[in-house]
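Peer 1: This is the structure I want to talk about, given as structure tokens.
Number of protein chains: 4
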Amino acid sequence: MLKGEYKVGVLGATGTVGQRFILHLHNHPFFKLVALGASSRSAGKAYRDVTKWKQVKQIPESVQRMQVEECTVEHFQQCDIVFSGLDHDVAGPIEDALRNAHVAVFSNAKNYRRDPLVPLVVPLINTSHYSVLPAQQKSLGLTKGYIVANANCSTTALVVPLAALEKAFGPLEQVQATTLQAISGSGYPGLPSLDILDNVVPYIGSEEDKMEWETYKILGGVSAQNDAFDYHAQSPLTVSATCNRVPVIDGHTVCAGVKFASKVKPSPQQVMEALSAYTCDAQHVGAPSAPQQVITVHQEQDRPQPRLDRDHQNGAGVNVGRVRGDALFDIKFVVLANNVQIGAATSSVMNAEVAALQGYV
Amino acid sequence: MLKGEYKVGVLGATGTVGQRFILHLHNHPFFKLVALGASSRSAGKAYRDVTKWKQVKQIPESVQRMQVEECTVEHFQQCDIVFSGLDHDVAGPIEDALRNAHVAVFSNAKNYRRDPLVPLVVPLINTSHYSVLPAQQKSLGLTKGYIVANANCSTTALVVPLAALEKAFGPLEQVQATTLQAISGSGYPGLPSLDILDNVVPYIGSEEDKMEWETYKILGGVSAQNDAFDYHAQSPLTVSATCNRVPVIDGHTVCAGVKFASKVKPSPQQVMEALSAYTCDAQHVGAPSAPQQVITVHQEQDRPQPRLDRDHQNGAGVNVGRVRGDALFDIKFVVLANNVQIGAATSSVMNAEVAALQGYV
Amino acid sequence: MLKGEYKVGVLGATGTVGQRFILHLHNHPFFKLVALGASSRSAGKAYRDVTKWKQVKQIPESVQRMQVEECTVEHFQQCDIVFSGLDHDVAGPIEDALRNAHVAVFSNAKNYRRDPLVPLVVPLINTSHYSVLPAQQKSLGLTKGYIVANANCSTTALVVPLAALEKAFGPLEQVQATTLQAISGSGYPGLPSLDILDNVVPYIGSEEDKMEWETYKILGGVSAQNDAFDYHAQSPLTVSATCNRVPVIDGHTVCAGVKFASKVKPSPQQVMEALSAYTCDAQHVGAPSAPQQVITVHQEQDRPQPRLDRDHQNGAGVNVGRVRGDALFDIKFVVLANNVQIGAATSSVMNAEVAALQGYV
Amino acid sequence: MLKGEYKVGVLGATGTVGQRFILHLHNHPFFKLVALGASSRSAGKAYRDVTKWKQVKQIPESVQRMQVEECTVEHFQQCDIVFSGLDHDVAGPIEDALRNAHVAVFSNAKNYRRDPLVPLVVPLINTSHYSVLPAQQKSLGLTKGYIVANANCSTTALVVPLAALEKAFGPLEQVQATTLQAISGSGYPGLPSLDILDNVVPYIGSEEDKMEWETYKILGGVSAQNDAFDYHAQSPLTVSATCNRVPVIDGHTVCAGVKFASKVKPSPQQVMEALSAYTCDAQHVGAPSAPQQVITVHQEQDRPQPRLDRDHQNGAGVNVGRVRGDALFDIKFVVLANNVQIGAATSSVMNAEVAALQGYV
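From first to last, the protein sequence lines are chains A, B, C and D.
Mapping to this note's numbering: the first sequence position 226 is 244, numbers consecutive.
Mapping to this note's numbering: the second sequence position 125 is 143, numbers consecutive.
Mapping to this note's numbering: the third sequence position 182 is 200, numbers consecutive.
Mapping to this note's numbering: the fourth sequence position 217 is 235, numbers consecutive.
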């Protein structure tokens with residue numbers, strides 16, 4: 019179903035999310051990186067000269083001398099797909115303008131996540147929400163071009179096992195989640211070192227609200243007319259999230275408890291089997307960035323751990339451990355997801371891969 | 019009610035808990051430190067020569083040359099009170115022998131916490147449980163001597179605000195707690211640095227069980243005959259605890275959600291006022307180690323934080339912040355307690371102070 | 019020689035250095051804190067409302083409601099002494115204007131450190147350089163008011179033992195110093211956490227040059243006419259500094275090697291004795307902030323360590339350990355100094371105390 | 019020159035060095051991993067069941083079920099080559115017994131490093147020292163089997179650029195080195211977390227002596243008769259090392275200053291070019307583990323940094339930055355080497371690869 023090679027661009031290419039987009043895209047089987055966008059300060063210069071590169075992998079040879087452009091329609095309308103790693107304070111109008119210029123925009127920014135016609139997609143779960151894209155286009159009088167948002171990093175960690183549980187055992191009724199989030203989630207420069215060394219910060223601005231709200235949208239369905247999301251309306255779900263920042267570089271840990279709507283409760287063993295067996299469309303359509311195993315279930319009682327498990331499968335799947343029963347909830351477990359991979363750039367790229375493979379681009 | 023000065027000893031004096039006992043006791047208004055106990059390897063030598071001192075404060079001058087003794091009845095029966103910082107693998111028989119030798123033993127070890135006649139006491143909450151001490155003595159045919167245990171460090175952090183809430187608003191029905199615990203909680207050498215730098219360990223052996231079980235005992239009452247604990251039997255309470263280790267030196271953070279039994283729910287504002295207003299017997303009887311304020315309620319949305327708040331009031335009180343409503347529970351909040359102070363040695367010393375001031379020694 | 023109480027002000031009062039000035043001054047025996055200066059954004063408001071307080075000790079009660087003023091002559095000319103915790107990009111003209119308004123300015127900023135008539139003073143070493151103050155005033159046509167600078171934090175750590183060695187054994191000829199500097203040295207927000215967690219940054223902008231240059235000025239003498247510094251000219255000294263940032267909150271560690279000019283070399287034992295015996299004018303005149311022991315010499319082979327030793331004597335002295343011989347240099351040793359205490363605010367305050375006690379204010 | 023596939027074994031296979039040997043060897047082009055040795059406690063069991071695996075990469079499938087054997091001649095004499103990751107307290111007799119059984123032993127332990135007939139080899143420098151192996155065998159009456167040691171991890175970091183400098187500009191006269199060493203260098207469990215979080219330990223037992231002594235042996239030559247090492251005797255060299263432990267997981271940073279024997283001094287630019295141009299025999303003979311670039315010279319003033327640069331080329335080369343002139347030495351620079359790769363297992367494997375390719379096995 020692929021239409022050959024797709025021209026892709028990256029907005030916010032010099033930032034940390036942009037740097038990760040570049041590492042994902044520079045050698046991609048069917049995406050060809052043709053445009054890099056940054057602020058006017060960097061425009062017209064070679065990428066390597068305007069970027070404070072902060073990745074363990076080196077700047078790809080092919081990208082070092084690429085000229086950086088301003089993030090305008092003029093420079094990016096040649097692209098089939100644009101990935102946006104822009105900060106939310108500038109992302110809105112630029113992404114909208116590119117959509118109007120018939121570009122498929124896959125955004126890591128939060129600006130359009132709550133838009134009633136923008137799919138909020140975790141590629142390991144709900145690429146089926148793309149069915150709403152025609153309605154999005156219709157509402158704007160477009161025949162091409164749209165915006166797809168990926169979820170907040172901590173939401174992504176939580177919802178993958180939740181989706182697998184709902185698929186296997188029916189709707190959830192209650193979810194309690196407490197996060198221990200990595201500092202890379204706050205971007206760069208992000209959190210000052212004096213605030214987090216030998217410390218925990220028990221607050222991340224608006225993160226708890228995002229985790230609750232995004233979960234309803236992602237785990238919910240789509241209207242029969244494919245013109246709206248139902249926000250899990252078919253079965254009431256209550257999510258309570260508590261978010262903390264901890265001195266970990268990459269990898270969000272989420273301690274979760276869940277209660278099923280059904281009176282028949284699965285055992286921890288059944289839960290582990292269901293999580294291990296879970297597969298997703300990104301795998302079925304052959305998305306190159308899809309992990310072999312969506313959810314890796316750990317048997318050791320002290321795993322997953324961010325430092326040891328975050329890079330498994332290039333961080334494209336999630337890790338679950340400590341699946342056990344509970345007196346308050348039905349099941350408790352721990353999730354670990356790589357916030358800078360599946361929690362950010364990897365999600366956007368995989369979303370676009372699925373869109374391309376399904377003919378949405 | 020004080021009977022003058024009390025002779026006190028410290029078991030496990032060279033370990034980290036023992037070192038903190040010494041810092042608390044070397045200058046105490048009515049406890050006189052007369053005996054230091056350690057393994058036979060150290061016995062007969064000067065304290066400073068057998069101790070790898072790991073505290074920020076220096077070894078008190080008066081203690082440096084004190085001779086370390088073996089932890090036997092012979093060396094400690096001269097004491098009115100003995101504080102035990104022993105590891106649980108050796109604490110049991112030694113503490114029992116001293117009790118039989120008419121010594122009041124205040125132990126930080128876990129060995130007797132579940133004993134049906136040993137009070138498990140957080141001095142900011144339930145020194146009223148001392149009313150069971152005569153029954154303990156009677157059961158052993160003793161007229162003097164007993165064992166009082168203090169709680170596990172993570173339990174201590176959690177139960178102080180819970181006790182304040184029950185005092186103000188009646189019994190709790192559900193408690194959910196997720197901890198982010200400091201490395202000092204695992205003792206010394208404790209956690210290898212390779213296991214925790216840039217990492218989270220989502221498991222602490224038997225800690226979750228302890229937090230649940232100890233909470234019932236501490237928050238519960240005493241039988242009318244003062245010969246048993248009721249483990250919160252008058253009103254069913256379910257506690258669900260999840261425990262994590264994080265790269266923080268001192269200070270356990272606990273993210274908690276609570277549901278009240280009463281249909282009338284307090285507002286976050288009422289909860290904050292009740293927590294601030296809470297006082298305890300240790301304050302009323304004038305225990306020298308009691309904090310001025312049992313619970314310090316923080317208004318800033320990102321507090322309490324371990325590094326900034328753990329040493330407030332020498333770590334003798336607890337800190338609460340982020341009091342807010344919740345869709346799943348009635349109220350959520352964050353607690354911070356200094357695990358090596360009120361979570362360990364400070365508790366034992368304050369317990370003994372109250373016991374002395376109330377005539378139990 | 020004190021003229022009663024001195025009115026003092028703090029410039030940059032809301033920053034981290036300013037916060038430490040406040041902790042030093044709010045309860046001072048003869049300095050009365052009367053004015054707090056910050057940017058125009060904060061002016062007119064209560065201190066506690068415009069300050070993101072980041073200290074372990076709480077905001078002093080007496081300071082919480084003090085009104086913050088702009089850093090202008092108008093608001094600070096009432097002061098006998100002004101302490102400057104300003105950033106160097108704004109410190110220059112403000113400090114100069116206050117000097118012209120007859121105020122004694124003790125500055126932690128670097129702007130005037132290289133001024134040929136401004137004493138660069140580490141209070142544990144060279145308060146004798148105050149003899150140049152009349153020449154500074156004369157050059158500006160002033161009868162009152164002057165600027166005294168304290169040294170860079172890493173310089174301070176190094177020069178204290180060097181001064182003690184020169185006092186005991188005559189001039190040094192070569193000094194090699196490699197630092198492991200704490201993150202608090204970069205201010206707040208300072209170093210991003212992503213740059214330093216699980217990392218070392220082997221570079222601190224212009225720090226090596228400062229350590230070399232400042233050492234010559236501080237260890238050097240004053241001309242016979244008290245109108246110039248001699249920059250150690252009486253005996254050639256070469257300093258080679260290498261500076262690193264490490265993930266430590268407070269406390270700069272410096273590994274040093276020294277070669278004496280004299281052919282007769284002291285033994286490590288003699289060096290340790292000389293360091294321990296060293297005293298300074300700040301002690302002799304009774305400066306309240308002076309440490310009891312200027313240099314604490316550690317015998318344990320793995321000390322000093324930042325976390326364990328930085329707060330000894332409130333960080334007002336320095337720690338030296340691992341004094342040993344060497345094949346390349348005569349003596350090698352390790353210094354630890356608390357960069358936010360003796361390396362910053364404590365130095366300024368102690369400098370002012372000595373100035374007041376010696377009649378310079 | 020290869021004689022086909024070589025059977026190899028790993029001693030100490032369950033430890034951290036052993037785990038890294040396994041990751042290097044499980045897929046090797048001409049080494050076939052046939053035997054895993056550990057303590058008698060683990061013998062007879064499947065590898066995955068007796069190993070607390072602590073690597074980011076997972077246990078190779080092919081190794082998981084391999085049976086662990088005791089480290090005896092019986093189990094390892096089938097091997098052409100044995101790699102030893104044993105602790106030094108047990109390594110000596112086992113390695114000696116295997117040598118006597120005609121096995122080529124490549125050891126990471128320190129036991130035979132000072133042996134006058136055992137080559138101490140950093141594979142990026144002095145595989146030419148293998149010319150002494152016949153003398154080693156002759157002294158023991160052997161025709162096959164020998165021991166080759168690799169260097170201490172901090173020595174390895176330092177000597178690679180030193181060798182390149184001597185090759186380009188002639189002998190060095192003085193070397194000053196201060197290290198900032200990663201915690202993984204102390205093994206597992208190694209350093210307790212309480213000792214190193216927010217801290218520096220300015221001492222590593224016997225490390226400074228090792229760095230000085232090993233440098234002489236490695237940089238030195240071999241006697242004309244190939245029966246002795248000359249320990250750099252042809253030109254006197256003085257090394258002064260100072261060693262520190264810092265809270266970094268992997269990657270030793272070394273700040274070095276060097277003085278050349280020659281009166282003609284190279285410029286920093288010439289030094290950078292010489293370091294970049296340096297090649298070694300491991301590259302020339304095509305050792306599979308040899309890095310493409312032995313020394314990567316960084317131009318950015320704040321590089322190399324452990325977290326960003328340690329994994330470049332799988333840690334098989336070293337990184338140098340901040341090459342600059344100096345008033346005390348001729349040239350100063352910073353080296354970073356991955357202590358668990360080129361500083362340990364990678365060295366041993368590369369040493370064996372060269373030996374095999376040169377016909378020594």
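Backbone N, C-alpha and C fix where the C-beta goes; we use that ideal spot for every residue, glycine too.
Because the structure is a prediction, the values reported are computed rather than measured.
Beta strand (DSSP E) containing residue 350 of chain B: first to last residue?
Peer 2: Taken as a continuous stretch (DSSP letters only), the beta strand (DSSP E) holding residue 350 of chain B covers 349-355.
Peer 1: Could you tell me whether the Cβ of residue 228 of chain C comes closer than 9 Å to any Cβ of chain B?
Peer 2: No - not a single Cβ of chain B is within 9 Å of the one on residue 228 of chain C.
Peer 1: For residue 202 of chain D and chain B, any beta-carbon pair shorter than 9 Å?
Peer 2: By this cut-off, residue 202 of chain D is an interface position.
Peer 1: Any beta carbon of chain D sitting closer than 9 Å to that of residue 215 of chain B?
Peer 2: Chain D contact via Cβ: present.
Peer 1: Give me the residue from A/319, A/373 and A/266 with the minimum Cα distance to residue 306 of chain A.
Peer 2: That would be A/373, whose Cα lies nearest to the Cα of residue 306 of chain A.
Peer 1: Which residues bound the alpha helix (DSSP H) around residue 218 of chain D?
Peer 2: Per DSSP, residue 218 of chain D belongs to no alpha helix (DSSP H) and is neither H nor E.
Peer 1: Have a look at residue 329 of chain C and residue 78 of chain B and give me their C-alpha separation to the nearest angstrom.
Peer 2: Whole-angstrom Cα-Cα distance: 16 Å.
Peer 1: Around the Cβ of residue 162 of chain B, are there at least 16 other Cβ atoms within 10 angstroms (buried) or fewer (exposed)?
Peer 2: Flag for residue 162 of chain B reads exposed.
Peer 1: Which complete alpha helix (DSSP H) runs does the stretch 161-200 of chain B hold, if anything under 4 residues is left out?
Peer 2: Taking only runs of at least 4 residues, the alpha helix (DSSP H) segments lying wholly in the stretch 161-200 of chain B are 171-187.
Peer 1: Only counting runs of 3 or more residues, tell me where the beta strand (DSSP E) segments fall wholly within the stretch 95-151 of chain A, in order along the chain.
Peer 2: Segments of the beta strand (DSSP E) lying fully in the stretch 95-151 of chain A: 99-102 and 122-125.
Peer 1: Of the choices A/202, A/207, A/378 and A/224, whose alpha-carbon is the least far from that of residue 355 of chain A?
Peer 2: Cα-wise, what sits closest to residue 355 of chain A is A/202.
Peer 1: If I measure Cβ to Cβ from residue 158 of chain D and keep anything under 8 Å in the same chain, skipping five residues before and after, which residues do I get?
Peer 2: Same-chain partners within the cutoff: 117 and 118.
Peer 1: Is it buried or exposed, residue 20 of chain C, if we count other Cβ atoms within 10 angstroms and call 16 or more buried?
Peer 2: Answer is exposed; the Cβ neighbour count stays below 16.
Peer 1: Please list, in chain order, the chain B residues whose beta carbon lies closer than 7 Å to that of residue 329 of chain C.
Peer 2: Residues of chain B passing the Cβ test: 74.
Peer 1: How is residue 23 of chain C classed by DSSP in three states: helix, strand or coil?
Peer 2: Residue 23 of chain C: coil per DSSP, three-state reduction.
Peer 1: Am I right that residue 303 of chain A and residue 212 of chain A are in contact with their C-beta atoms under 8 Å? What's the rounded C-beta distance?
Peer 2: That belief does not hold up - the Cβ atoms of residue 303 of chain A and residue 212 of chain A are roughly 46 Å apart, past 8 Å.
Peer 1: When DSSP labels each residue in this structure, what does residue 202 of chain D get in the three-state scheme?
Peer 2: In the structure shown, residue 202 of chain D sits in a helix (DSSP, three-state: H, G or I).
Peer 1: I want to see whether chain C comes within less than 9 Å of residue 206 of chain A, judged by CB atoms only; does it?
Peer 2: Interface residue, yes.
Peer 1: What does a CB cutoff of less than 8 Å around residue 50 of chain D pick up in its chain, not counting 5 residues either side in sequence?
Peer 2: Result list for residue 50 of chain D: 23, 24, 25 and 26, in chain order.
Peer 1: Please name the residue, chosen from B/44, B/254, B/220 and B/195, that lies closest to residue 80 of chain B on a Cα-to-Cα basis.
Peer 2: Measuring from the Cα of residue 80 of chain B, the nearest candidate turns out to be B/44.
Peer 1: In or out: residue 128 of chain B buried (at least 16 other Cβ within 10 Å) or exposed?
Peer 2: Label assigned to residue 128 of chain B: buried.
Peer 1: Residue 51 of chain B CB to nearest chain D CB: under 9 Å?
Peer 2: Not one chain D Cβ lies under 9 Å of residue 51 of chain B.
Peer 1: Between residue 175 of chain D and residue 357 of chain D, what straight-line distance do the alpha-carbon atoms span, to the nearest angstrom?
Peer 2: Cα-Cα distance, rounded: 8 Å.
Peer 1: Using the beta-carbon count (16 or more within 10 Å), is residue 131 of chain C buried or exposed?
Peer 2: Its Cβ being crowded by 16 or more others within 10 Å, residue 131 of chain C is buried.
Peer 1: What three-state label does DSSP hand residue 74 of chain C in the structure shown?
Peer 2: Here residue 74 of chain C sits in coil by DSSP.
Peer 1: Check whether the stretch 248-259 of chain A and the stretch 313-324 of chain A are in contact - that is, three or more C-beta pairs closer than 8 Å.
Peer 2: At 8 Å Cβ cutoff, the stretches do not touch.
Peer 1: Run through DSSP, which three-state label would residue 236 of chain D get?
Peer 2: Three-state result, residue 236 of chain D: helix.
Peer 1: Three or more beta-carbon pairs under 8 Å between the stretch 137-145 of chain C and the stretch 233-240 of chain C, yes or no?
Peer 2: Touching, yes, given that three or more Cβ pairs across the two stretches are closer than 8 Å.
Peer 1: Going along chain D in order, which residues have a C-beta closer than 9 Å to the C-beta of residue 222 of chain B?
Peer 2: Going along chain D, no residue has its Cβ under 9 Å from residue 222 of chain B, so there is no contact; the nearest lies around 14 Å.
Peer 1: Let me know the secondary structure DSSP gives residue 288 of chain D once reduced to three states.
Peer 2: DSSP places residue 288 of chain D in helix when its eight states are reduced to three.
Peer 1: Considering only C-alpha positions, which residue in the set D/338, D/228, D/200 and D/220 is nearest to residue 215 of chain B?
Peer 2: Of the listed residues, the one whose Cα sits closest to residue 215 of chain B is D/200.
Peer 1: Starting from residue 263 of chain B, trace the beta strand (DSSP E) both ways and give me its first and last residue.
Peer 2: Its beta strand (DSSP E) spans residues 256-263.
Peer 1: In chain B, which residues lie less than 7 Å from residue 346 of chain A when you measure between Cβ atoms?
Peer 2: Going along chain B in sequence order, the residues near residue 346 of chain A (Cβ under 7 Å) are 192, 194, 256 and 258.
Peer 1: Report yes or no: is there a C-beta of chain A within less than 9 Å of the C-beta of residue 212 of chain C?
Peer 2: It does: the Cβ of residue 212 of chain C has a partner Cβ on chain A nearer than 9 Å.
Peer 1: DSSP has residue 210 of chain B in a bridge; who is on the other side?
Peer 2: Note: residue 210 of chain B sits in a beta bridge opposite D/210.
Peer 1: Evaluate residue 270 of chain D with the Cβ neighbour count: other Cβ atoms within 10 Å of its Cβ, from every protein chain shown; 16 or more gives buried, anything less gives exposed.
Peer 2: Burial call: buried.
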